[in-house]
Amino acid sequence: MTTLDSTTVKAVQATLDDVFPDGRHWPILELLAVVGCADALQLRQVTDLSRDQLALVLDKLQQAAPGLPPVYFHPRDRVTRPGQRGAPPKVYCLGETGAALLRARGQAEAHPCNLDETVDIAHALAVLEVRLLAQRAGLPVQTEKQLPPGETTPYLRPDNLVTLPDGVLALYEIEQLLTAQHIARALQSLQNKQRFFQSRAGQDVSADVRVLFNLPPGKEYDRTLKVWRQAARVVAQRHGGRLAFRLLAMPLGHFSAAPDWGSTPQAQRWQDLTITPEPEPTPAASAAAPNSPPAKPGASLAEKTPQALRRYTGHESALVLNALWSVFREGAGTHLGTAQRADPALFEIVGVIYAASHDPSLTPLERAGYPHASLYLLKQYLRLHQTLHKRLRQEILRGAQAMRWNTITITHRMQVVCQHFLHYHGFGTDGLMLVRALSADWNAAEPQTFRIQVDVFDTAVVCEGVDAATARELTQGAEQTLAWVLTALFTYAEDLGLPRAPFW
Numbered sequence: 001m002t003t004l005d006s007t008t009v010k011a012v013q014a015t016l017d018d019v020f021p022d023g024r025h026w027p028i029l030e031l032l033a034v035v036g037c038a039d040a041l042q043l044r045q046v047t048d049l050s051r052d053q054l055a056l057v058l059d060k061l062q063q064a065a066p067g068l069p070p071v072y073f074h075p076r077d078r079v080t081r082p083g084q085r086g087a088p089p090k091v092y093c094l095g096e097t098g099a100a101l102l103r104a105r106g107q108a109e110a111h112p113c114n115l116d117e118t119v120d121i122a123h124a125l126a127v128l129e130v131r132l133l134a135q136r137a138g139l140p141v142q143t144e145k146q147l148p149p150g151e152t153t154p155y156l157r158p159d160n161l162v163t164l165p166d167g168v169l170a171l172y173e174i175e176q177l178l179t180a181q182h183i184a185r186a187l188q189s190l191q192n193k194q195r196f197f198q199s200r201a202g203q204d205v206s207a208d209v210r211v212l213f214n215l216p217p218g219k220e221y222d223r224t225l226k227v228w229r230q231a232a233r234v235v236a237q238r239h240g241g242r243l244a245f246r247l248l249a250m251p252l253g254h255f256s257a258a259p260d261w262g263s264t265p266q267a268q269r270w271q272d273l274t275i276t277p278e279p280e281p282t283p284a285a286s287a288a289a290p291n292s293p294p295a296k297p298g299a300s301l302a303e304k305t306p307q308a309l310r311r312y313t314g315h316e317s318a319l320v321l322n323a324l325w326s327v328f329r330e331g332a333g334t335h336l337g338t339a340q341r342a343d344p345a346l347f348e349i350v351g352v353i354y355a356a357s358h359d360p361s362l363t364p365l366e367r368a369g370y371p372h373a374s375l376y377l378l379k380q381y382l383r384l385h386q387t388l389h390k391r392l393r394q395e396i397l398r399g400a401q402a403m404r405w406n407t408i409t410i411t412h413r414m415q416v417v418c419q420h421f422l423h424y425h426g427f428g429t430d431g432l433m434l435v436r437a438l439s440a441d442w443n444a445a446e447p448q449t450f451r452i453q454v455d456v457f458d459t460a461v462v463c464e465g466v467d468a469a470t471a472r473e474l475t476q477g478a479e480q481t482l483a484w485v486l487t488a489l490f491t492y493a494e495d496l497g498l499p500r501a502p503f504w
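Next up, the structure:
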């Protein structure tokens, strides 16, 4: 491959200038440089080229750099927008030669696209969409620039900072699907915004933070807003009960159809995620922490969080546990009973339980430690569901005295216990979701004990209405967290108030 030095770049630039004397290739490269990528519809919008004209320019761009790194490239996986129908437009990412051409033309910050995951590319395309909407409205916009510039702290790097028609600066952020077990990301985002808006720099920006969710209206959208509300509630409690800003939400598709650039957001179109009152404890929540004293009026979530849950967690990680406990209180006691239909809410609950001790936001030492927090939540979940708890106790001990244990009988007994857990929640253990008890894999870097493996063969079992890449990610997370919870019934039986299996 030819070296990409300044002489080579100038030769490619001269070739392109000869092929396109009107310079129609430069707007394409410049658009790709904004967030690293753009789709065909966005490129056509900026260049005013027809589909065939754009295809011709893109072909000539690659042909002008034979033997060199690509001017642009396509993502490894197909990128779709949640809820989008029909074939998605092609996505183009800025390549090494394309970035070099822009640097030679004076854009010193141009660099090749380094986005690899589909979810990150989808986010970047949504950020670019809002930028183009602002430019179409004649509004100045800065995309992914530090605010304020320089070495100042605290600072933000908003997706888009738009100067509204009356001169007000407003943040337009892009968010995608967020599940409760990943609430730490929302907490970090809100903490950063709180520090910024409490600083001097924050006084120059509208305190109405407009968040556009790259999701269609529906169940997943509502669940995502619920997670953000929980996170906002926890951060507000840490800062005296209120935030220094408002978090306003709208589906990106609704905004794109009719953008709102008013300094006072249209109240009927935006949902305020920062005004949800603290819910009253439900009977289920009370049962989840029977030894906790009644909460005082105005008590913080840290005070309401059971001491046993906070005992093994550092100061910063307590914020995550507070939020997870809040989510757990609302979800753990729902659908009490034995005759249930399959409900993907189970995956959210086991995800929250798992995240309490394994969330990436926790310190390495906390993640390496004994999973006290996860076991506390799982134990409270079983105490809430007494019918399930009783059935598990019976099945774990069934045939213990007469059984001759070997690999076959052990895995069979584990399989039966898992079946009862899943049947209680309306799920089977074969078919589209396969749950298996396995002996140790001596070649794997994992505990050499019997274990549970979960395989979900259709992502619709876990989630619907999201793009394929996100669905795969959520499904893989559901497999991992459900397998951990089912294995914990044996590994940590005493911590959960269950009898230890005689073969363990």
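With this note's numbering as the guide, the letters of the sequence shown map in order to residues 1 to 504. Glycine is no exception: its CB is placed at the ideal position from the N, C-alpha and C atoms.
Nearest candidate by alpha-carbon position, reference residue i, set the options
i      : options                           : result
THR429 : SER361, PRO216 and LEU486         : LEU486
HIS420 : ARG404, ALA437, LEU392 and ALA440 : LEU392
GLY331 : VAL461, LEU321 and VAL350         : VAL350
GLY477 : TYR354, ARG103, VAL34 and ALA100  : TYR354
ALA515 : MET414, ALA373, GLY369 and LEU432 : No information on residue 515 is available, as it lies outside the stretch 1 to 504 that the chain covers here.
GLU366 : ARG383, GLN386, VAL320 and ARG329 : VAL320
SER374 : ALA356, PRO364, GLU129 and LEU382 : ALA356
PRO154 : VAL162, PRO217, ARG195 and ASP39  : ARG195
ARG223 : LYS193, ARG329, VAL168 and ALA345 : ALA345
ALA308 : LEU378, HIS254 and SER263         : LEU378
LEU115 : GLY95, ARG85 and TRP442           : GLY95
LEU190 : HIS425, HIS239, ARG451 and TRP325 : HIS239
Proximity of residue i and residue j at Cβ, strictly below 8 Å
i      : j      : result
ALA469 : ASP77  : yes
ASP159 : VAL127 : yes
LEU171 : LEU215 : no
LEU187 : VAL234 : yes
ALA65  : VAL71  : yes
ARG269 : ALA207 : no
VAL327 : GLN480 : no
VAL211 : ALA124 : no
GLY98  : LEU29  : yes
HIS74  : CYS93  : yes
LEU161 : LEU147 : yes
VAL454 : ALA501 : no
GLN271 : ALA249 : yes
LEU156 : LYS193 : yes
LEU474 : VAL462 : yes
Residue i - partner residues in DSSP beta bridges
i      : result
GLU175 : PHE213
MET433 : VAL456
ALA38  : TYR92
PRO344 : DSSP, once it has assigned bridges, lists no residue as partnering PRO344.
ASP208 : ARG246
GLN271 : ALA249
ALA170 : VAL162
TYR492 : DSSP lists no partner for TYR492.
GLN480 : For GLN480, which the question treats as bridged, DSSP gives no partner whatsoever.
ARG451 : LEU438
VAL141 : VAL162
LEU147 : LEU156
TYR571 : Outside the displayed range of the chain (1 to 504) lies residue 571, so it cannot be described from this structure.
beta-carbon residue i near the ligand SAH non-hydrogen atom, thresh 7 Å
i      : result
LEU434 : Here there are no bound small molecules, and the ligand SAH is not part of this structure.
Inter-residue Cα distance where the pair is residue i and residue j
i      : j      : result
PRO27  : ARG242 : 45 Å
HIS25  : LEU32  : 11 Å
ALA318 : ILE183 : 13 Å
GLU144 : HIS412 : 54 Å
VAL91  : VAL119 : 13 Å
LEU498 : HIS389 : 8 Å
TYR492 : PRO360 : 22 Å
GLN448 : THR47  : 59 Å
CYS37  : GLN203 : 33 Å
ALA323 : LYS226 : 12 Å
THR3   : GLN13  : 15 Å
GLN394 : PRO306 : 29 Å
ALA137 : TYR221 : 27 Å
LYS10  : ALA108 : 15 Å
THR387 : GLU117 : 43 Å
ALA267 : ASP260 : 11 Å
ALA104 : GLN45  : 25 Å
PHE347 : ARG81  : 23 Å
ARG383 : PRO89  : 50 Å
ALA201 : THR264 : 20 Å
is_contact[residue i, chain D] using C-beta, thresh 8 Å
i      : result
ALA124 : Annotation note: the requested chain D is absent from the structure, which comprises a single protein chain.
Quiz item: Just checking, does the region 37-57 make contact with the region 430-438 on the three C-beta pairs under 8 Å criterion?
Solution: They do not touch, by the three-pair rule.
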